[in-house]
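Student: What follows is a single structure, and I will ask about it in a moment.
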Amino acid sequence: MADSLQALSGNLTGNITVAQILRPARGGMKRHVEGLIATSEKTTHLLFAPPGVLNEFQQSRNREIAALIPLDISARPNPLRDRLQARRLSKQLRDSKCEIVHAHGIRGAMIGVPAARIAGLPVIVTLHNLLSQSTVQRLFLQNVLKKSNQIITVSGAIADQINYLRLANPPQIIPNGVDTSEYGRLIYCDYLRQEYKINPKSKIIMGVGRLEKEKGFTLLAGAFNQLRGRAGNVVFVLVGEGTEHGTLLRFAEERNDVVLTGQLKDVRPLMSCADLVVIPSRSEGQSLVALEAMASGVPVIASRVGGLPETLGEEMQEALFNPEDVQDLTQKMIQFMTDEPLRERHKELGLERVREHYELKDQIRKVEAVYSKLVERKK
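Letter 20 of the sequence shown, counting from 1, is numbered 20 in this note's numbering, and no numbers are missing.
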């Protein structure tokens with residue numbers, strides 16, 4: 001730990017030095033931070049995160065990270081330990097000579113905001129997920145967020161929830177983004193179909209994400225079960241890991257048209273082979289998977305929750321289905337899988353939308369503009 005901080009003096013070459021605070025994370029939040037660090041041009045990043053997360057970043061050999069610094073932060077709150085860790089982190093922040101603290105998610109805010117305040121540093125909080133309905137949790141979050149200098153949300157749906165808290169500083173919406181130049185290549189499809197034993201003539205419906213209740217993949221499995229025989233030769237491919245893996249594995253073992261791949265380091269090649277990507281979430285702040293599918297030229301259907309309607313935009317509202325409604329989801333999949341012109345139209349709409357509104361470099365410029373504003377304000 002000490003060695004990491006002492007080594008910083010030779011690494012701080014960016015215009016602004018930012019401490020990124022990250023809890024144990026896999027899905028969109030972790031990938032958001034990866035994109036932020038890899039794409040920013042005017043920032044040097046210090047990453048404070050649990051050892052497991054640091055190992056993953058280290059393996060990616062991201063040269064834009066000046067230092068990887070262990071942080072004792074769990075996925076769930078622990079008031080006593082969090083208070084102690086915030087004080088430890090405040091000292092580390094002072095020693096690191098950083099200029100801004102950027103905390104990600106509610107857990108990152110719970111430790112990062114008090115630590116930044118103790119260290120006398122401006123602090124930004126980016127919220128990636130919809131807020132809990134618990135009144136107690138919202139009051140606690142309100143108390144933390146009002147001490148931040150800037151709140152960023154990845155969607156208007158989250159911003160609406162924050163506005164309800166009536167904080168002095170309104171949130172700024174900066175959505176997730178993707179580098180569209182890295183998507184849409186189809187050269188591996190024949191190989192991947194052979195690897196996963198998918199008939200060359202079968203169409204592919206794909207789901208990607210953490211296999212947790214909030215992501216709704218058991219709902220999607222039920223809808224696919226009803227789809228059978230009603231949309232031609234279709235295979236269901238599910239990518240991810242989580243607590244519902246066992247349930248979904250039993251579902252797959254009972255059929256010959258379901259493939260569970262587990263967690264993939266890079267989902268892009270397989271996604272580019274899909275005919276339809278389904279996002280059946282019960283709760284969703286925005287959805288990087290939707291952006292990746294659109295950038296891959298794959299039509300998307302999604303539940304009408306959280307930030308998903310605004311992610312798809314007005315012209316693709318027909319691709320939304322009612323959350324928790326298996327029948328509506330089934331009918332929507334049948335509609336898309338049996339109507340090739342509809343799929344082609346949504347491919348074009350998705351590509352146009354992601355290129356216009358969700359290009360990664362454009363979103364990172366907005367974040368760096370927030371950094372610059374806070375540094376100037378402090379001078």
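C-beta: ideal position from N, C-alpha, C; glycine also.
Express the C-alpha separation of Pro-24 and Arg-88 in angstroms, rounding to a whole number.
Tutor: Spanning the two alpha carbons is a distance of roughly 18 angstroms.
Student: Do three or more CB pairs link the stretch 258-272 to the stretch 180-197 at distances below 8 angstroms?
Tutor: Flag = yes, the stretch 258-272 and the stretch 180-197 touch.
Student: Please identify the residue among Gly-177, Thr-135, Pro-200 whose C-alpha is closest to the C-alpha of Ser-155.
Tutor: Among Gly-177, Thr-135, Pro-200, the Cα nearest to that of Ser-155 is on Gly-177.
Student: Which partner residues of Ser-303 appear in the DSSP bridge assignment?
Tutor: Paired residues: Phe-321.
Student: Are the stretch 350-357 and the stretch 245-259 touching, with three or more C-beta to C-beta distances below 8 angstroms?
Tutor: With a cut-off of 8 angstroms, the stretch 245-259 and the stretch 350-357 do not count as touching, because too few Cβ pairs lie within range.
Student: Taking the beta carbon of Val-367 as the centre, do at least 16 other beta carbons fall within 10 Å, making it buried, or is it exposed?
Tutor: The residue is buried, with at least 16 neighbouring Cβ atoms inside 10 Å.
Student: Lys-373 lies in the alpha helix (DSSP H); which residues open and close that run?
Tutor: Here the alpha helix (DSSP H) through Lys-373 covers 360-378.
Student: Exposed or buried, what is Lys-332 when buried is set at 16 or more other beta-carbons lying within 10 Å of its beta-carbon?
Tutor: Classification of Lys-332: buried, given that the 10 Å Cβ count is 16 or more.
Student: Within 10 angstroms of the Cβ of Lys-30, are there 16 or more other Cβ atoms? Answer buried if so, exposed if not.
Tutor: Buried, because 16 or more other Cβ atoms sit within 10 Å of the Cβ of Lys-30.
Student: Quick check on the burial criterion: 16 or more other C-beta atoms within 10 angstroms. Buried or exposed for Glu-340?
Tutor: The residue in question, Glu-340, is exposed, as its Cβ has fewer than 16 Cβ neighbours within 10 Å.
Student: Assuming the contact rule is C-beta atoms closer than 8 angstroms, Pro-122 and Lys-378 should be a hit. Round their C-beta distance to whole Å, please.
Tutor: Going by Cβ atoms, the distance from Pro-122 to Lys-378 rounds to 6 angstroms, so yes, they are a contact pair.
Student: When the Cα of Gly-306 is compared with those of Pro-323, Asp-82, Glu-314, Ser-296, which residue comes out closest?
Tutor: That would be Pro-323, whose Cα lies nearest to the Cα of Gly-306.
Student: Go ahead and pull the three-state DSSP assignment for Thr-43.
Tutor: Thr-43 falls in the strand class under three-state DSSP.
Student: Tell me whether Ser-181 is buried or exposed, calling it buried when 16 or more other Cβ atoms sit within 10 Å of its Cβ.
Tutor: So Ser-181 counts as exposed.
Student: Give every residue of the same chain whose Cβ lies closer than 8 angstroms to the Cβ of Leu-167, excluding the five residues on either side of it in the sequence, and list them in chain order.
Tutor: Contacts found: Gln-142, Leu-145, Lys-146, Ile-151.
Student: Leaving out the 5 sequence neighbours to the left and right, which residues in its chain are closer than 6 angstroms to Thr-126 when beta-carbon positions are compared?
Tutor: Answer for Thr-126: His-104, Ile-152, listed in chain order.
Student: Assuming Val-289 and Val-277 make a contact with CB atoms under 8 angstroms, what is their CB distance in whole Å?
Tutor: The Cβ separation is near 7 angstroms, so the contact holds.
Student: Could you check the C-alpha separation between Gln-20 and Ala-67 for me, to the nearest Å?
Tutor: About 10 angstroms.
Student: With DSSP as the reference, please indicate the residues paired to Lys-203 in a beta bridge.
Tutor: DSSP lists Val-234 as partners of Lys-203.
Student: Using the C-alpha atoms, what's the distance from Ser-372 back to Pro-70?
Tutor: Near 26 angstroms, if we compare the C-alpha coordinates of Ser-372 and Pro-70.
Student: Could you compute how far the alpha carbon of Asp-179 sits from the alpha carbon of Lys-361?
Tutor: If I take the Cα positions, the gap works out to 7 angstroms.
Student: Between the C-alpha atoms of Ala-115 and Pro-79, what's the straight-line distance to the nearest angstrom?
Tutor: Taking the straight line joining both Cα atoms gives about 14 angstroms.
Student: Assuming Val-101 is part of the beta strand (DSSP E), what are its boundary residues?
Tutor: Here the beta strand (DSSP E) through Val-101 covers 100-104.
Student: Using a threshold of 8 angstroms, state whether the C-beta atoms of Ile-100 and Ile-65 are closer than that.
Tutor: The answer is no: Cβ separation not under 8 angstroms.
Student: For Tyr-196, which residues of its own chain have a beta-carbon under 6 angstroms away from its beta-carbon, when the five flanking residues on both sides are left out?
Tutor: Val-259, listed in sequence order.
Student: If you follow the alpha helix (DSSP H) that Ala-290 is part of, which residue opens it and which one closes it?
Tutor: Taken as a continuous stretch (DSSP letters only), the alpha helix (DSSP H) holding Ala-290 covers 288-295.
Student: Please list, in chain order, all residues of the same chain as Phe-321 whose beta carbon is under 7 angstroms from its beta carbon, the five residues on each side excluded.
Tutor: Excluding residues within five positions, the ones whose Cβ falls inside 7 angstroms are Ile-301, Ser-303, Arg-304, Asp-328, Leu-329, Lys-332.
Student: Could you check what DSSP says for Gly-262 in three-state terms: helix, strand or coil?
Tutor: Looking at Gly-262 - three-state DSSP - the assignment turns out to be strand.
Student: Go ahead and label Leu-84 buried or exposed: buried means 16 or more other beta carbons lie within 10 angstroms of its beta carbon, across all protein chains shown.
Tutor: That one is exposed.
Student: Under DSSP, the alpha helix (DSSP H) around Val-178 begins and ends at which residues?
Tutor: Where Val-178 is concerned, there is no enclosing alpha helix (DSSP H), given that its DSSP letter is neither H nor E.
Student: Which of the three DSSP states, helix, strand or coil, is assigned to Ala-75?
Tutor: In this structure, Ala-75 counts as coil in the three-state DSSP scheme.
Student: At which residues does the alpha helix (DSSP H) containing Val-354 begin and terminate?
Tutor: Unbroken alpha helix (DSSP H) run through Val-354: 340-357.
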